[in-house]
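Below is one structure, written out as structure tokens; the observations come after it.
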Amino acid sequence: EDFSVEAPIRQRRSSKTDAYREQVRQWLIDDETAPPKQRHTAKKVYDRLKEEKQKKGLMLDVTDRSIRSLVAELRRELFQQELVSLPLLHPAGEAQGDFGKTIFYERGIKYEGYHFCMTLPHSDAKWTQLFKGQDFECLARGMIEIFEHIGGVPTVIRFDNMSTAVKEIKTYGGRELTENFRRLQCHFGFESNFCNPAAGHEKGSVENFVGCSRRNFFVPVPEMADLRKYNQELLLRCDSRLEEEHYKLQRLVKDLFAEDQSKLLPLAAYPFDACRYVPSRTDNYGMARCQTNRYSTAGHFRRADVTLKVDAYTVTVLDEQMQIVVRHPRLYGQKKESMIWTPYLEVLAKRPMAIRYSGFYEGLPQALKIFLDECDLSGRQQVLQLLSKESQGGDIDTPISLLTKAVALKPTDADSLISAYAFVANKPLQMPKNPVSELLPNTPEYTLDLSVYGQLLGGGACLKR
């Protein structure tokens, strides 16, 4: 006889929904040929069963909740028989990259930005960089910063099918790359590997880090004065994770990262300029358009052809000889405007009456506005010419600050203001007193007798000193 333990057989309990199982199953199968937005929901299944019973003068004998459970069970049975994930090995030197959404504040302004993440799955070393967008310029800048930080380039980088890299998915899994991404790949020499469509789990390492980095680095919502400086500090914060133990291999991440580093490609001999060039034509106000945003140029660029050099952080206006006219912080969003007044000061100096109606005037300190209001046209022109001259290097904040300090010295006209500005900007050096050595001998006091001069002059009072 066989006394072995019998294998337990799970017996399915009967349910009132059994009477409707085959009918609901057929409805769900038929849905496969219907448009996605016109398929049965669990509620619609319940309502339809209820209507059919009412036509027969009967009441539906199951609850809405029971039908929901039945529909979920049948859908799992019919459509969700997913294959298990295979545990794969990750060769040293390979990486994964992806973006995630993140809100942050820079100089008090809220941005709905993105953080770019890159992981080395072999060691689980990972880094992130924060940006205001997720276009090619941000992707390339994030990759370059991480490459330079870790001292090399991964041999293979896996991405999803982001539009910044993939122009078209071809038959049999081929990819047509965008021109910019192809240049980036050729410059650094890495191979790109792309997931199947809607298969983000194929780069599970970076998918996990996108959420992990958001919770660990961007909570509470970060606030900073300079995004570039913040990103440099962020790389160092990511480095601190190298001291942790690998989640699976019971080795320090930094030791495994050393194995990754030994397989990295060397950095490129020349820096890669992560930008794009956009031709534009200025309007009557000298404003150049990039997509829906507008950037100021200079006073003599009316209806002129210019080129905009766009990178992750800035937009640089170039003239026809590709010389820099002005550099703006890059605008993200729709229908925004960036106005830098420095190149327009020369025009304002020639039209001093217009200053009160300009945005430049509104941004001046109150004391300086009052002084300009009290000046005659010639005086205003002198002050604006001074500002134009002193801000030639692109820094207008310092001259305005010095002018405000000069106004505090109570000048009576433009000439005295210019003199006060020169005094404030070039204060006399305070020379420290030279220390006297104790080893020097004491000098005896010498008394002067001037009486001989009094006698010579006719016997005046004797003077002694």
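Counting from -13, one number per residue, gives the positions in the sequence shown under my numbering.
Here a beta-carbon is modelled for each residue, glycine too, at the ideal position from N, C-alpha and C.
Item, Value
"With a CB to CB cut of under 8 Å and the five nearest residues on each side skipped, what residues in its chain are close to L60?", "R7, V10, R11 and L14"
"With distances taken between CB atoms, is the gap from T105 to F195 smaller than 8 Å?", "yes"
"Roughly how many whole angstroms lie between the Cα atoms of A392 and D146?", "58 Å"
"Suppose you measure from the CA of G444 to the CA of E431; what does that come to, to the nearest Å?", "29 Å"
"Comparing C-alpha positions only, which one of P22, G380, A111 and G128 sits nearest to K118?", "G128"
"Following the continuous beta strand (DSSP E) through T300, name the residue where it begins and the one where it ends.", "T300 to L304"
"Given L238, which residues of its chain have a CB within under 8 Å of its CB, disregarding the five upstream and five downstream residues?", "L228, E229, E230, E231 and H232"
"Please report the residue range of the alpha helix (DSSP H) in which W13 lies.", "R7 to D16"
"For N182, count neighbouring C-beta atoms within 10 Å of its own C-beta (all shown protein chains included) and say buried if the count is 16 or more, exposed if not.", "exposed"
"I'd like the list of long-range same chain contacts for L395, defined as Cβ closer than 6 Å, with 5 residues on each side in sequence excluded.", "A406"
"DSSP has A276 in a bridge; who is on the other side?", "Looking at the sequence itself, residue 276 is Cys, so the reference to Ala does not match. DSSP lists N279 as partners of C276."
"What do you get for D381, buried or exposed, if any count of 16 or more other CB atoms within 10 angstroms of its CB means buried?", "exposed"
"In chain order, what residues of the same chain have a beta carbon less than 6 Å from the beta carbon of L449, not counting five sequence neighbours either side?", "Per-residue confidence for L449 stands at a pLDDT of 49, beneath the threshold of 50, marking its modelled position as unreliable; the derived number appears in the next sentence. So the qualifying residues of the chain are L436."
"The beta strand (DSSP E) spanning N179 covers which residue range?", "E177 to F180"
"Give the secondary structure of Q218 by DSSP, where H, G and I count as helix, E and B as strand, and everything else as coil.", "helix"
"Among all the DSSP beta bridges, which residues are the ones paired with E209?", "Y91"
"Measuring CA to CA, which of M273, L442, L294 and R280 is closest to F287?", "M273"
"Taking just the CA atoms, how far does I53 sit from M45?", "15 Å"
"Do you know whose CA, among A298, P257, S199 and F180, lies nearest G170's CA?", "The question names Gly, yet the displayed sequence has Leu at residue 170. With distances taken between Cα atoms, L170 lies closest to P257."
"Is it true that the CB of T88 sits closer than 8 Å to the CB of F102?", "no"
"For the candidate residues D212, I130, H173 and L56, whose alpha-carbon lies nearest to that of F90?", "D212"
"Over what stretch of residues does the alpha helix (DSSP H) that includes A335 continue unbroken?", "L331 to K336"
"May I ask you to list the residues that DSSP assigns as paired with E323?", "R280"
"Give the secondary structure of L250 by DSSP, where H, G and I count as helix, E and B as strand, and everything else as coil.", "coil"
"Opposite P315 in the DSSP bridges: which residues?", "T300"
"Taking just the CA atoms, how far does L373 sit from N279?", "28 Å"
"Taking C-alpha atoms, which residue in G79, C124 and S402 lies nearest to G137?", "G79"
"Leaving out five residues on either side along the sequence, give the residues of the same chain with a beta carbon under 6 Å from the beta carbon of L358.", "R366"
"I need the DSSP call for C103, collapsed to helix, strand or coil.", "strand"
"Going by beta carbon distance, what residues of the same chain come within less than 7 Å of P338, once the five residues before and after it are set aside?", "L363, R366, Q367 and L370"
"What does the alpha-carbon distance come out to for the pair S226 and Y100?", "22 Å"
"Using DSSP with H/G/I as helix, E/B as strand and the rest coil, what is D362?", "coil"
"Determine which residues share a DSSP beta bridge with Q371 and list them.", "Q371 pairs with nothing; no bridge assigned."
"In the DSSP assignment, find the alpha helix (DSSP H) that holds P385 and state where it starts and stops.", "D383 to V393"
"Work out the CA separation of N420 and T293 for me, nearest whole Å.", "58 Å"
"Given a threshold of 16 other Cβ atoms within 10 Å of its Cβ, counted over all protein chains shown, does S282 qualify as buried or as exposed?", "buried"
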